[in-house]
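Let me begin by presenting the structure, written as structure tokens, before commenting on it.
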Amino acid sequence: MRRSGGNRVGKSVVDVRADIPFLKTGIIYLDNASTTPTPQPVIDAMLGYFSEYSANVGRGLYRATCRATEAFEAARGKIARVINAKPEEIVYTKNATEAINIVARGLKWRKGDKVVATVLEHHSNLIPWQRLERAAGVKLNLVPATPDCLIELAAVERAVDKKTRLVTVSHVSNAVGSIQPIVEIGKLARDNGALFLVDAAQSVGHIPVGVKRIGCDFLAAPGHKGLLGPQGTGFLYVREDRFDELEPLLLGGGIVESVEEHSCKLVAPPQVFDAGTPNIPGVIGLGRACEYVEEIGVEKIAERERRLTELMMEISGIEHVQVYGPDIEHRGGVVSLNVDNLEHHKVAAMLDEIANIAVRSGHHCAAPTMRRLGVDGTARASVHYFNLEEEVERFVDVLGQIARDFGG
Ligand SMILES: Cc1ncc(COP(=O)(O)O)c(C=O)c1O
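Structure representation (structure tokens):
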């Protein structure tokens, strides 16, 4: 990495675009909240594994397997750096969903425990708690949101009490982009002796996220969104003194010190969460992706995404276009919309057909949020650092054309 006077010299938008092969197809990719395209250095890191040391990890002594183990383990440190954690606090997962499920399944629940989440959660941070409600006698309390899809502290304060075992909230809503006050929510959780899990699926890699500053016990994130890592990767941050409370989801090969016929001694965390052959190329790719994001600079990514989002928000001035969620001050790089009298899937299909613009349509795995907005779905555009102002302007123009010709 190049450095200048101690400061990292960030990768430019031109550099990053040149690094992402998928963008060369000419697509205007505004579906970054779903998953992001992969830069060549990340692909190269995975290709390097496949072509030079394609062996299993933690299971042998020949040089290729040692190299694979070293590269696999090194990724923990690279991920940890992005969120200001320690390498030994990082558990590899296949996505954010698995990370949340590890917490839901891994804590020892008592009947009457309370989980406080919000009505804005992604299904991945809702359904695991619903199962606990059915199966373990846990009470799930969902904090209501304002019409702008923000969570007010007073509402959390009303929901959290001494029976609350865990408070969880998505940092940034994938459905409408609202950013929640997680530092303050974390304090409310702590003041009541509750654990705090942050769903950082839409914030890590997009805006600065520091686990110490947030004061969370757990943080779930995908590798394949803001971090520009490969699909099939993610991680769970576990504050080091919380591992005692958390059982691994899977047990099996690769995580034992010794095994008898009816008993076993397992290795220590975080490796105890790696039962079975893990996604070795994916984890190595994710490690490289974290370095790549650092080479750009998360602050720089946040600043640019904010500018692009401001530009996207110009659609709120278009007749027959409804935009959901908060003002720019409280919004990440996500804009959710409908065109009057036009189904959201049709809007997305037209953007694709007319201008090769990729946006997602549907309920965005956040059906309660959609219900809250009184719609069954939206079209959603979401940016990353590599998007161009011209791309966003084209999106605004084409959406205006669609609204003029078909809306109303
Ligand atoms: C807020 C939020 N939470 C959780 C998830 C689940 O992430 P993954 O697909 O990596 O499991 C997503 C995915 O879009 C999300 O946006």
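Count along the sequence shown starting at 1, add 164, and that's the number in the numbering used here.
The C-beta atom is built at its ideal place from N, Cα and C for all residues, glycine as well.
* Segments of 4+ residues assigned as alpha helix (DSSP H) that fall wholly inside the region 226-266 -> 227-247
* Using the DSSP secondary-structure output, state which residues sit across from I343 in a beta bridge. => V336
* Between N196 and H548, is the Cβ-Cβ spacing less than 7 Å? -> yes
* To do: Classify Q366 as helix, strand or coil using the three-state DSSP reduction.
  => coil
* For Y217, which residues does DSSP report across the bridge? -> Answer is none; Y217 lacks a bridge partner.
* To do: For the region 439-506, list the alpha helix (DSSP H) runs that are entirely contained and at least 4 residues long, ordered along the chain.
  => 444-460 and 462-476
* DSSP three-state call for F407: helix, strand or coil? -> helix
* Asked: How many Å lie between G572 and E483 at the Cα?
  -> 8 Å
* Asked: In the DSSP assignment, what residue or residues form a beta bridge with C428?
  -> V423
* Taking the Cβ atom as the reference point for each residue, do D277 and V246 lie within a distance shorter than 7 Å? -> no
* Anyone know if the C-beta pair for F214 and P201 falls short of 7 Å? -> no
* Between which two residues does the alpha helix (DSSP H) carrying A309 extend? -> Looking at the DSSP string, A309 is not in any alpha helix (DSSP H), and its letter there is neither H nor E.
* For F133, which three-state DSSP category applies? -> Residue 133 falls outside the range modelled here, since the chain spans only 165 to 572, and no answer is possible.
* Asked: Can at least three beta-carbon pairs, one atom from the region 413-428 and one from the region 386-402, be found at a separation below 8 Å?
  -> no
* State the DSSP-derived secondary structure class of N289, mapped to helix, strand or coil. => helix
* Hey, is the region 323-333 in contact with the region 262-280, meaning 3+ C-beta pairs nearer than 8 Å? -> yes
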